[in-house]
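**Q** The following block contains the structure, expressed as structure tokens.
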Amino acid sequence: KIFIDKRIPLGSGLGGGSSNAAACLKAMNDLFRLNLSMSEQFRLAARLGSDVPFFILGKTALVKGRGEVVIPVPFLKEYQILLVYPGRPSSTAQIFNNLEIGLTKYGRGIKFEAVISRIAKLDDLSSYLFNDLEDIVSRNCPEITGIKERLKDCGARYVSLSGSGSTVYGLFDLHTDVSKIKQEFPASYLVFTANPR
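Count along the sequence shown starting at 1, add 23, and that's the number in this note's numbering.
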């Protein structure tokens, strides 16, 4: 039996289930001394779920295909991330069932190298980063709009929904005192910081 002390809320859009699967796969590789290469781990992880290979790497990455191609990228080392979960879970399956548009907003013309460069500098991210699920999730969880506005008012350089929600994240400069911003949200919300690696 495997027991997991979960700290990532279910239905939060933070990849809790996928990261658990990746952690178990990595643990078995270590415990049983399987010596699986990273590419072998990615292949096995992709069979468990599309997001699982990303968590095998455990770093910022560009993910392609169905999730099995994971390319490490340098990203946001000079920024801090504030995550706000309003306590209302979001069902990934239900969200995707309601999705009526293509998954790629800008089609094949997008140049990932240019996007990565802009992201690293936090230059006009709203022109490059988007989450097509945000409108659908916001209809089911109207608190998301208020969270986004509050984070922007507090100086976030960029704000978005994480995954299929319902967590919202904001990117802040290092000099920002995010501990004060945490107090802007109701006690029923889970608010925490993350530092990119």
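By construction, the Cβ of each residue, glycine as well, lies at the ideal position given by its N, Cα and C atoms.
(1) Which of the three DSSP states, helix, strand or coil, is assigned to residue 199?
(2) Among 122, 153 and 201, which residue has its Cα nearest to the Cα of residue 162?
(3) Would you list the one or two residues that DSSP bridges to residue 95?
(4) Quick one: what's got a C-beta closer than 8 Å to residue 197's C-beta in the same chain, skipping five residues either side?
(5) Just verifying my parser: in three-state terms, what is the DSSP assignment at residue 39?
(6) By the 10 Å Cβ neighbour count, where 16 or more other Cβ atoms means buried, how is residue 60 classified, buried or exposed?
(7) By the three-class DSSP mapping on this structure, what secondary structure does residue 169 have?
(8) Output needed for residue 188: all residues of its chain with C-beta closer than 6 Å, excluding positions within five of it in sequence on either side, in chain order.
(9) For residue 69, count the other beta carbons within 10 Å of its own beta carbon; 16 or more makes it buried, fewer makes it exposed. Which is it?
(10) Can you give the beta carbon distance from residue 67 to residue 54, rounded, assuming they're within the 8 Å contact cut?
(11) Would you tell me roughly how many angstroms separate the C-alpha atoms of residue 202 and residue 33, rounded to the nearest one?
**A** On the basis of the data shown:
(1) To locate residue 199, count along the sequence shown from 1; it is residue 176. Reduced to three states, the DSSP call for residue 199 is coil.
(2) Taking the sequence shown and counting its residues from 1, the one referred to as residue 162 is at position 139. Closest option to residue 162, Cα to Cα, is 122.
(3) Within the sequence shown, numbered from 1, the residue matching residue 95 stands at position 72. Paired residues: 84.
(4) Taking the sequence shown and counting its residues from 1, one reaches residue 197 at position 174. Excluding sequence neighbours, residue 197 sits near 101, 102 and 103.
(5) As a working note, residue 39 is residue 16 in the sequence shown. The DSSP-derived three-state label of residue 39 is helix.
(6) In the sequence shown, counting from the first residue as 1, residue 60 sits at position 37. When all chains shown are included, residue 60 counts as exposed.
(7) Your numbering for residue 169 matches position 146 in the sequence shown. The answer is helix: DSSP assigns residue 169 an H, G or I state.
(8) Taking the first residue of the sequence shown as 1, we reach residue 188 at position 165. Correct list, in chain order: 36, 113 and 160.
(9) Walking along the sequence shown from the start, residue 69 turns up at place 46. It is buried - the Cβ of residue 69 has at least 16 other Cβ atoms within 10 Å.
(10) Indexing the sequence shown from 1 puts residue 67 at position 44. Indexing the sequence shown from 1 puts residue 54 at position 31. Between residue 67 and residue 54, the beta carbon gap of about 15 Å keeps them out of contact (Cβ cut-off 8 Å).
(11) Taking the sequence shown and counting its residues from 1, one reaches residue 202 at position 179. Taking the sequence shown and counting its residues from 1, one reaches residue 33 at position 10. Spanning the two alpha carbons is a distance of roughly 24 Å.
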